[in-house]
Structures are given as structure tokens and as C-alpha cells.
Amino acid sequence: PVEASVVIPVRNREQTIAEAVKSALSQETNFPFNILVVDNHSTDRTTSVLSDLAGRHSAVKHIIPLRTDLGIGGCWNEALVHEACGRYAVQLDSDDLYSSARTLQKMVDKFRQGDLALVIGSYTLVDSSLREIPPGLIDHREWTDENGRNNALRINGLGAPRAFHSGLMRKMGFLNVSYGEDYAAALRICREYRIGRIYESLYLCRRWSGNTDTALTIEAANRNDAFKDEVRTAEIRARQKMNQRR
Numbered sequence: 063p064v065e066a067s068v069v070i071p072v073r074n075r076e077q078t079i080a081e082a083v084k085s086a087l088s089q090e091t092n093f094p095f096n097i098l099v100v101d102n103h104s105t106d107r108t109t110s111v112l113s114d115l116a117g118r119h120s121a122v123k124h125i126i127p128l129r130t131d132l133g134i135g136g137c138w139n140e141a142l143v144h145e146a147c148g149r150y151a152v153q154l155d156s157d158d159l160y161s162s163a164r165t166l167q168k169m170v171d172k173f174r175q176g177d178l179a180l181v182i183g184s185y186t187l188v189d190s191s192l193r194e195i196p197p198g199l200i201d202h203r204e205w206t207d208e209n210g211r212n213n214a215l216r217i218n219g220l221g222a223p224r225a226f227h228s229g230l231m232r233k234m235g236f237l238n239v240s241y242g243e244d245y246a247a248a249l250r251i252c253r254e255y256r257i258g259r260i261y262e263s264l265y266l267c268r269r270w271s272g273n274t275d276t277a278l279t280i281e282a283a284n285r286n287d288a289f290k291d292e293v294r295t296a297e298i299r300a301r302q303k304m305n306q307r308r
């Protein structure tokens, strides 16, 4: 129905969700796009804020899943199977912003340049007032075609924003978890398909007191790292098996 859908999974982000949606609405493109906000049964004012925005902007689709057991990955799956989902599904977290009105256009332009299944941009870390904070630009320049697809297995992240080919991701699906679901999807994709990279900042990643990545306990950080180790191990075995069949 549209060329691109901005996908925003959200739960209890009444402070930031309106800004995120307005950032998506402000995009200037030469193609039609919409915004799929998957409201994962918020218990604060998030739902009413989204109802108001959806009522005033036809491009905003406020989706409340029937299931109550969804992580962020499960919310992505809900967006991908929605009738309004476009050819490309472009990530925007509920407390982040696109850095300019041209982010969406640049992501889709990259898709149009070649046979790509995933496009990943670069982001800048900022505080709650949108002031840049160290280390600033995160561009993952170590991920290149020249370094090869297995290089992604040595990196603990691949960057943001991420734009997926919707048809392919509908077949593969996201893991129904709330950490590393994007990393696992990117590893699965680059096993067989090409990833396009944009090394300029397209996205503002906010660090604030309510942010899920702020002040992680050692135990939580260890759980996260262990999960990514599991994902990497499974991916290595899948690639070895694929190569043995050749």
C-alpha cells in the first residue's frame, strides 16, 4: 500500500512517544509512507496520546495487539503482518528521533541502489535535551562488504536506524524478545543477503533516566551479553551447515 512504514513498538513512553511520532511525520519523501505504532498494552498515558495522534493524522496507525506476551520483536512481527505495512519497514524507537527530515528518503534511496535486504544507518548519542554526549557518532565502520558478512559475528551491534525488506522479514520473523531481536535478525539476513550501510548520522539515540539502556546492572548486562553469545553461536552453526551443503 505504501513504499515505507516507520515501525515504532512502544510500552509506557508517555514522555517521549509524541516526539517520536512527530519526528516520523516530519519526513519529506518522494514516496508515500505511514507510521505503524504498536502499542504493547501501555498502562500510562501512551495509549491516549497515540489515539489523539492517530485521530489527527491518517498516516499514523495505532495498533494494539491481541496478544499480551509480546516483546519488542513480537511487536515488530505484528507490524509486518499488518495490512498497512509498506514494502520497507524502518525502525524508530519510542524514545528516539530521526536527525533530519530526510532520514527516511535516504534509507529508501539506499535500497533502490542495489539488491539489499537490510539498510542500516548511523546514529548520534544525545541526552534528554538532544545535546551530543560521548562517544557521539556511532557508525560501525568496521561493517563493510570488504570485511565480509562473517564480520558481523564479531560485532556486538550493527547500528541504527535499521530498515528491513518487509516481505523477507515476514518470512523470517523476529525473535519475540525485548533485547537483541534486531541483532539476531541482521545476522540471519546477512547469512544469505546483502546489507547496505549509510555512515552519516540519520538518527538521535537518547540516553535519559527512563531509557532501557541507562545504568544497566552488571547482572542485566551479563544477561544481554550471554543472549547475544547464544545468537552468535546459533548463527555460526547455521552458516557452517549451509557451507557444508555447498
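Under our numbering, the first residue of the sequence shown is numbered 63, with each subsequent residue one higher.
Glycine residues also receive a C-beta, built at the ideal position from the N, C-alpha and C atoms.
Reference residue i, options the options, closest by Cα
{"i": "R193", "options": "S184, D106 and S161", "result": "S161"}
{"i": "D157", "options": "V99, L128 and A121", "result": "V99"}
{"i": "D155", "options": "K168, R250, E208 and A225", "result": "A225"}
{"i": "E145", "options": "W270, A300 and S67", "result": "S67"}
{"i": "L87", "options": "P127, L115, R308 and L278", "result": "L115"}
{"i": "R301", "options": "E281, Y261 and L215", "result": "L215"}
{"i": "Y150", "options": "L187, V69 and S271", "result": "V69"}
{"i": "E204", "options": "D287, S184, D189 and S191", "result": "S184"}
{"i": "D189", "options": "T78, A163, V72 and P63", "result": "T78"}
{"i": "D106", "options": "G210, E76, A179 and T206", "result": "E76"}
{"i": "D207", "options": "L142, L132, C147 and R253", "result": "R253"}
{"i": "C267", "options": "Y261, L159 and I182", "result": "L159"}
The beta strand (DSSP E) enclosing residue i, as first and last residue numbers
{"i": "T186", "result": "L180 to V188"}
{"i": "S67", "result": "A66 to V72"}
{"i": "R224", "result": "R224 to H227"}
{"i": "L194", "result": "The residue you asked about is not Leu; residue 194 is Glu in the sequence shown. Counting along the chain, the beta strand (DSSP E) containing E194 begins and ends at E194 to I200."}
{"i": "V239", "result": "No beta strand (DSSP E) contains V239, which DSSP labels as neither H nor E."}
{"i": "I126", "result": "Here I126 belongs to no beta strand (DSSP E), and DSSP marks it neither H nor E."}
Span separating the alpha-carbon of residue i from that of residue j
{"i": "N212", "j": "S228", "result": "23 Å"}
{"i": "V239", "j": "H119", "result": "30 Å"}
{"i": "R129", "j": "E140", "result": "10 Å"}
{"i": "K290", "j": "K168", "result": "29 Å"}
{"i": "K233", "j": "I251", "result": "11 Å"}
{"i": "N284", "j": "Y241", "result": "12 Å"}
{"i": "Q306", "j": "R299", "result": "11 Å"}
{"i": "F95", "j": "M231", "result": "18 Å"}
{"i": "V293", "j": "Q89", "result": "34 Å"}
{"i": "V83", "j": "V72", "result": "11 Å"}
{"i": "V152", "j": "L166", "result": "8 Å"}
{"i": "F173", "j": "L237", "result": "24 Å"}
{"i": "N92", "j": "R164", "result": "10 Å"}
{"i": "A248", "j": "G117", "result": "34 Å"}
{"i": "N209", "j": "H202", "result": "12 Å"}
{"i": "A296", "j": "L278", "result": "26 Å"}
{"i": "K123", "j": "C147", "result": "10 Å"}
{"i": "L132", "j": "A179", "result": "25 Å"}
{"i": "N74", "j": "A80", "result": "12 Å"}
{"i": "V181", "j": "S85", "result": "19 Å"}
{"i": "D177", "j": "A121", "result": "28 Å"}
Bounding residues of the alpha helix (DSSP H) (the contiguous stretch that carries residue i)
{"i": "E309", "result": "For the chain, the structure presents residues 63 to 308; residue 309 sits outside this window and is missing."}
{"i": "F57", "result": "Residue 57 cannot be examined here, being either before or after the span of the chain that is shown, 63 to 308."}
{"i": "C147", "result": "That residue, C147, is in no alpha helix (DSSP H); it is neither H nor E in DSSP."}
{"i": "S263", "result": "Counting along the chain, S263 falls outside any alpha helix (DSSP H), though it belongs to the beta strand (DSSP E) covering I257 to R268."}
{"i": "E254", "result": "E243 to E254"}
{"i": "D114", "result": "T108 to R118"}
{"i": "S85", "result": "I79 to L87"}
{"i": "D171", "result": "T165 to Q175"}
Any non-hydrogen atom of the ligand MN closer than 6 Å to residue i Cβ
{"i": "L237", "result": "Absence of the ligand MN is noted for the structure shown, with no ligands found whatsoever."}
Below-7 Å beta-carbon distance, residue i vs any chain B residue
{"i": "R299", "result": "Of the protein chains in the structure, only one exists, and it is not chain B."}
| message | Closer than 8 Å is the cut-off here; do at least three beta carbon pairs connect the segment 244–262 with the segment 206–225? | response | yes
| query | Pairing CB atoms from the segment 102–118 with CB atoms from the segment 190–205, are three or more of them under 8 Å? | reply | no
| query | Does the segment 125–145 come close enough to the segment 91–105 that 3 or more CB-CB pairs lie under 8 Å? | reply | Yes, they touch.
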